[in-house]
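Note sheet for the following structure.
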Amino acid sequence: MSPRIVAVQAGLDRGWIELRKKLASPWELSGEVWPWIIAVGVMYALRDKNVPGTDFSIGLQSVPGIVGMSIIYTGLMGLALGLTTDRDDGTLLRMKAVPNGTIGYFIGKMVSRAGITTASLLIILIPSVLLFGDLQVDSFSAWATLIGIIALGLIATLPIGAVIGAVFGSVQSLGLVMLPVMGLIGISGIFYPITAFPEWVQWIGQVFPVYWLGLGMRSALLPDAMAVAEIGGSWRHLETIGVLGVWAVIGFAYAPVVLRRMARRGSGSSVKETQPAVATTAA
Numbered sequence: 068m069s070p071r072i073v074a075v076q077a078g079l080d081r082g083w084i085e086l087r088k089k090l091a092s093p094w095e096l097s098g099e100v101w102p103w104i105i106a107v108g109v110m111y112a113l114r115d116k117n118v119p120g121t122d123f124s125i126g127l128q129s130v131p132g133i134v135g136m137s138i139i140y141t142g143l144m145g146l147a148l149g150l151t152t153d154r155d156d157g158t159l160l161r162m163k164a165v166p167n168g169t170i171g172y173f174i175g176k177m178v179s180r181a182g183i184t185t186a187s188l189l190i191i192l193i194p195s196v197l198l199f200g201d202l203q204v205d206s207f208s209a210w211a212t213l214i215g216i217i218a219l220g221l222i223a224t225l226p227i228g229a230v231i232g233a234v235f236g237s238v239q240s241l242g243l244v245m246l247p248v249m250g251l252i253g254i255s256g257i258f259y260p261i262t263a264f265p266e267w268v269q270w271i272g273q274v275f276p277v278y279w280l281g282l283g284m285r286s287a288l289l290p291d292a293m294a295v296a297e298i299g300g301s302w303r304h305l306e307t308i309g310v311l312g313v314w315a316v317i318g319f320a321y322a323p324v325v326l327r328r329m330a331r332r333g334s335g336s337s338v339k340e341t342q343p344a345v346a347t348t349a350a
């Protein structure tokens, strides 16, 4: 068995262990899922507000977008935060000493973050199915589309989180990323149809995976009649797969390179310098 395969297997085992530890801790798990419980309440409050030009509520239209947003926050940003924290406390430095340790670490983080994100998605989807009777969850094709988009969305966005975590030098500086992420979510049709924005804003939103995640979720969960609120009046399945697929290829090609470079730059002295900041943040 090649060293890389051994590293991948070790990463899968590490990710499963991290996931079980997180799920077994109600305190840690609550910190991951409480924003989505609030989001479900907001969607329910908007159930009587209709999407312009349709008879469907904004609350119903927002369910798929919130699902897509949870992948960005819990998955992408959660991985970025975890990687930055591990670099500050020396975990990544220890991985550097293990043959192909960076690969195993990357795989492990991908697995654990994917599991936590899936738990968050269930917290959104289960009550939403009960609250919104018009969600299309009564067919195999809808579930197949939903599962496929979730899987492709995780593959497309988690490597981006790894790159962000590797590029930014501390947990504090990582907070700067939240501002553009929030702005991107705002123009990506999560809470309001993207067709309501100026055309140049629509083009910006379509460059990034957030919009396509929401569109893919809407195509799986909403009635076909609601496609009238989308660009071109269509769910654009092929475009969704294509854009998310491109982001996945770029992410998996670039993330390991960035992580290896970051690991090479790491040293015991650099970890020691970050300890006071880590301790202050924890306090």
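Each residue of the sequence shown is one higher than the one before, counting from 68 in our numbering.
The beta-carbon is built from N, C-alpha and C at its ideal position, and this holds for glycine as well.
Distance between residue j and residue i (C-alpha atoms, nearest Å)
i      : j      : result
Ser331 : Ala91  : According to the sequence shown, residue 331 is Arg rather than Ser. Using only the alpha carbons, I get a separation of about 34 Å.
Ser69  : Phe275 : 36 Å
Ala229 : Ala320 : 12 Å
Pro93  : Leu241 : 26 Å
Met329 : Ala233 : 6 Å
Gly360 : Gly250 : A query on residue 360 cannot be resolved here, the shown segment of the chain reaching from 68 to 350 and no further.
Ile214 : Val325 : 29 Å
Ser179 : Gly82  : 5 Å
Leu189 : Ile105 : 14 Å
Leu311 : Val73  : 29 Å
Ala292 : Asp115 : 18 Å
Arg303 : Val313 : 16 Å
Lys176 : Val107 : 27 Å
Asp122 : Gly132 : 18 Å
Ser97  : Ala315 : 29 Å
Leu127 : Asp201 : 8 Å
Ala349 : Thr152 : In this predicted model, Ala349 has a pLDDT of only 41, less than 50, meaning its place in the structure is not dependable enough to derive any value.
Leu146 : Ile222 : 12 Å
Val204 : Gly300 : 22 Å
Ser237 : Ile252 : 23 Å
Lys89  : Tyr259 : 33 Å
Phe235 : Pro226 : 14 Å
Ile298 : Trp103 : 27 Å
Gly157 : Gly142 : 22 Å
Val162 : Arg327 : Before going further, note that residue 162 is Met rather than Val in the sequence given. Cα to Cα, Met162 sits roughly 11 Å from Arg327.
One or two residues paired with residue i in a DSSP bridge
i      : result
Asn167 : Paired residue(s): none; Asn167 is not in a bridge.
Ser237 : Answer is none; Ser237 lacks a bridge partner.
Ser53  : Nothing in the structure corresponds to residue 53, since the chain is present only between 68 and 350.
Exposure of residue i, with buried meaning 16 or more beta-carbon neighbours within 10 Å
i      : result
Ser129 : buried
Ser255 : buried
Trp270 : exposed
Ile231 : buried
Pro265 : exposed
Ser246 : Position check: residue 246 holds Leu in this sequence, whereas Ser was assumed. Per the 10 Å Cβ criterion, exposed.
Val134 : buried
Ala263 : exposed
Ala218 : exposed
Trp101 : exposed
Gln239 : exposed
Leu243 : exposed
Gly335 : Residue confidence is low: Gly335 scores 47 on pLDDT, short of 50, so the model does not pin down where it sits. Its coordinate-derived value is still stated next. Per the 10 Å Cβ criterion, exposed.
Ser206 : exposed
Pro343 : Because the pLDDT of Pro343 is 47, which lies under 50, any placement of that residue in the model is unreliable, and the question is left without a value.
Trp267 : exposed
Arg154 : buried
Ala322 : buried
Ile164 : The sequence shown places Ala at residue 164, rather than the Ile named in the question. Ala164 should be labelled exposed.
Count the CB pairs spanning the segment 275–282 and the segment 299–312 that are closer than 8 Å, and state whether there are at least three.
Under the 8 Å Cβ criterion, the segment 275–282 counts as touching the segment 299–312, having at least three qualifying pairs.
How about the segment 135–146 and the segment 182–198: do they share at least three Cβ pairs that are nearer than 8 Å?
Touching, yes, given that three or more Cβ pairs across the two stretches are closer than 8 Å.
Quick check on the DSSP output: what are the complete alpha helix (DSSP H) runs of length 4 or more inside the segment 251–319, in order along the chain?
You should have 266–274 and 276–288.
Inspect the CB distances between the segment 286–296 and the segment 196–214 and report whether three or more fall short of 8 Å.
With the cut-off at 8 Å, the segment 286–296 and the segment 196–214 touch.
Validate contact between the segment 76–88 and the segment 154–172 using beta carbons, cut 8 Å, 3 pairs:
Taking a cut-off of 8 Å for Cβ pairs, the segment 76–88 and the segment 154–172 touch, as three or more such pairs fall below it.
With a threshold of 8 Å, are at least 3 pairs of Cβ atoms found where one atom belongs to the segment 190–197 and the other to the segment 97–115?
Flag = yes, the segment 190–197 and the segment 97–115 touch.
For the segment 148–195, list the alpha helix (DSSP H) runs that are entirely contained and at least 4 residues long, ordered along the chain.
Counting whole runs of 4 or more residues, the segment 148–195 contains the alpha helix (DSSP H) stretches 158–163.
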